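> The structure's right below; bear with me while I get my questions together.
There are 2 protein chains.
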Amino acid sequence: MSVADDKKAVVLLSGGLDSATILALARKEGFQCHALSFDYGQRHKGELKAAAAVAAAGGAHEHRVATLGVGFIGGSALTDLGLSVPQAPTTGIPVTYVPARNTVFLAVALGWAEVLGAHDLFIGVNAVDYSGYPDCRPEYLAAFETLANLATKAGVEGGRFHIRAPLLHLTKAEIIRAGLGLGVDYGLTLSCYAPNDAGQACGACDACRLRAKGFAEAGVPDPAIAI
Amino acid sequence: MSVADDKKAVVLLSGGLDSATILALARKEGFQCHALSFDYGQRHKGELKAAAAVAAAGGAHEHRVATLGVGFIGGSALTDLGLSVPQAPTTGIPVTYVPARNTVFLAVALGWAEVLGAHDLFIGVNAVDYSGYPDCRPEYLAAFETLANLATKAGVEGGRFHIRAPLLHLTKAEIIRAGLGLGVDYGLTLSCYAPNDAGQACGACDACRLRAKGFAEAGVPDPAIAI
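Just so you know, the protein sequences line up as chains D and C, in that order.
Okay, so the first sequence: first residue is 1 according to this note's numbering, each after it adds one.
Okay, so the second sequence: first residue is 1001 according to this note's numbering, each after it adds one.
Here it is, written out as structure tokens:
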């Protein structure tokens, strides 16, 4: 069964809480969702397993993993084993920031969207309860949308790309409530920057703290945490 | 020996005529050049061999090859073996266009530059004797520069990225003359979209035609062509 191109979307799927929610939101809007994850040398592969589970449970039409052999870049605690993931709050842009990550992810998503004939790219960035990364800000997303429409054959020929970030202005608690209302199984998701070998969250890193705060404010237990 | 960050540059190096010229131009400006090539599933690997030779001969400080495992994207005659490279002129955006290629390349270059502390990204795009790709236009480059300064920690903290495209408004003949004046050995470069197994140019594809026209107009023989 084919769908109209304007009902196809590429959804960036990390396997975390936010991306599981945007998949559900895109499906709610009626999009045929082409989920895209990245193996970019992140220090734990648990998030790719989580992404596959989330894609399957969330009704993605397909799920692809793009491999980026860019290990020489380094520079982030998420990819460089020589740097430690902080286990307490820090100020400023944190060491877990991966240089230009969202730009690379969106660029690959754009290329795939162009081939699919899709014009909607969903990304689960958030400017409220976020980690202070520059490429999660509204002005960054607007600049990428402008770029996308200049960069591509589809843009030049009248197609109109949209960078869709429906979580941008939501708190973590609001994101969780929205997802629960759409039946998202957050037990499949993994947000932690530094899980143990069994894939269990550390509970102390920035991502774990934001997630715990979100579930606490939403007034529901986190199903991913075995008590 | 270390150099000031403002004298480091990332240079996108395909191994073709244009990228060999920008490496020479960046070196002339005194930059320590970090050359970057991509293995993205292009149908011939000859250009990566050419890039390595050009980097060495052109005085690059280092040369890295980023591997992009994005074969599922398809959609271009340069990566998809099911599509033929045209051997005669075509109109419109050609089938050799790789979706979002320059966006992906510049995004990875941006990430590397941020880690290196470089703020200058050199790219050999050209808006005169070019193949009609949307991501070779001045407005595209300007949009990427805006994006780069929003996307990055270095941008937010006051660093200022520059997308440097010194060939943008030159004809192919002017590019060749500039390179020859800087000692570029064009015998090492490979421009062809569809070389034979021995790495010899086909002479008929769009890239070969533009190159031949350039050398003819410059009034010099192409050293890459064995007579």
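C-beta atoms are modelled at their ideal positions from N, C-alpha and C, and glycine is treated no differently.
The structure presented is a predicted model; accordingly, all values stated were derived computationally and were not measured.
Determine the direct distance from the alpha carbon of D/A50 to that of C/G997, and round the result to whole angstroms.
Since the first residue of chain C shown is 1001 and the last is 1227, residue 997 of chain C is not available in this structure.
> Measure from the alpha carbon of D/L150 to the alpha carbon of each residue in C/A1151, C/L1147, C/H1061, then state which is nearest.
In the first sequence, the residue the question calls residue 150 of chain D occupies position 150. When each option's Cα is compared against that of D/L150, the closest is C/L1147.
> Shortest alpha-carbon distance to D/H169 belongs to which of D/I123, D/H44, D/V115?
Numbered from 1 along the first sequence, position 169 holds the residue referred to as residue 169 of chain D. Out of D/I123, D/H44, D/V115, D/I123 has the C-alpha closest to the C-alpha of D/H169.
> List the residues of chain D whose Cβ lies closer than 7 Å to the Cβ of C/G1155, in chain order.
Along the second sequence, one-based indexing puts residue 1155 of chain C at 155. Within 7 Å Cβ-Cβ: P134.
> Nearest-angstrom Cα distance between D/K45 and C/E1174?
For the purposes of this step, residue 45 of chain D is taken as the residue at position 45 of the first sequence. For the purposes of this step, residue 1174 of chain C is taken as the residue at position 174 of the second sequence. Their backbone Cα atoms lie some 49 Å apart in a straight line.
> What is the DSSP secondary structure of D/T152, counted as helix, strand or coil?
Position 152 of the first sequence, counted from the start, is the residue given in the question as residue 152 of chain D. Coil, per DSSP.
> Given a threshold of 16 other Cβ atoms within 10 Å of its Cβ, counted over all protein chains shown, does C/P1134 qualify as buried or as exposed?
Your numbering for residue 1134 of chain C matches position 134 in the second sequence. Looking at its Cβ environment, which holds 16 or more other Cβ atoms inside 10 Å, C/P1134 is buried.
> Pull up the DSSP beta-bridge partners for D/H63, would you.
Here residue 63 of chain D refers to the residue found at position 63 when the first sequence is read from its first residue. DSSP output for D/H63 lists D/A35 as bridge partner(s).
> Short of 7 Å Cβ to Cβ, which residues in the stretch 1140-1153 of chain C face chain D?
Per Cβ criterion, the list reads Y1140, A1143, F1144, T1146, L1147, L1150, A1151, T1152, K1153.
> Quick check on DSSP: helix, strand or coil for C/K1008?
If you number the second sequence from 1, residue 1008 of chain C lands on position 8. Here C/K1008 sits in strand by DSSP.
> Taking 8 Å as the limit between beta carbons, can you name the residues of its chain near D/G30, skipping five residues before and five after?
Translated into positions along the first sequence, residue 30 of chain D becomes position 30. K7, listed in sequence order.
> Out of C/D1206, C/F1072, C/A1201, C/V1010, which one is the CA nearest neighbour of D/H63?
The count along the first sequence starts at 1 and reaches residue 63 of chain D at position 63. Measuring from the Cα of D/H63, the nearest candidate turns out to be C/F1072.
> Quick one: which chain C residues come within Cβ less than 8 Å of D/V125?
Residue numbering aside, residue 125 of chain D sits at position 125 when the first sequence is read from its first letter. Within chain C, no residue comes near D/V125; the closest Cβ sits about 12 Å away, beyond 8 Å.
> State yes or no: is the beta carbon of C/P1086 nearer than 8 Å to at least one beta carbon in chain A?
Protein chains in the displayed structure are D and C, and chain A is not among them.
> Let's see if you can read the secondary structure: which residues bound the alpha helix (DSSP H) around C/R1027?
Sequence index remark: in the second sequence, residue 1027 of chain C carries index 27 (1-based). Looking at the DSSP string, the run of the alpha helix (DSSP H) that includes C/R1027 is 1017-1028.
> I believe C/A992 touches D/A100 by the beta-carbon criterion, under 8 Å. Please report the beta-carbon distance rounded to the nearest angstrom.
For chain C, the structure presents residues 1001 to 1227; residue 992 of chain C sits outside this window and is missing.
> Looking at C/E1174 and the ligand NAP, is the gap between the Cβ and the nearest heavy atom below 7 Å?
Questions concerning the ligand NAP fall outside what the structure shown contains, since it holds no ligand whatsoever.
> Distance, Cα to Cα, C/N1126 vs C/C1136?
Taking the first residue of the second sequence as position 1, residue 1126 of chain C is located at position 126. Taking the first residue of the second sequence as position 1, residue 1136 of chain C is located at position 136. About 6 Å.
> Output needed in chain order: residues of the stretch 53-75 of chain D with a Cβ under 7 Å from some Cβ in chain C.
Result list: R64, A66, T67, L68, G69, V70, F72, I73, G74, G75.
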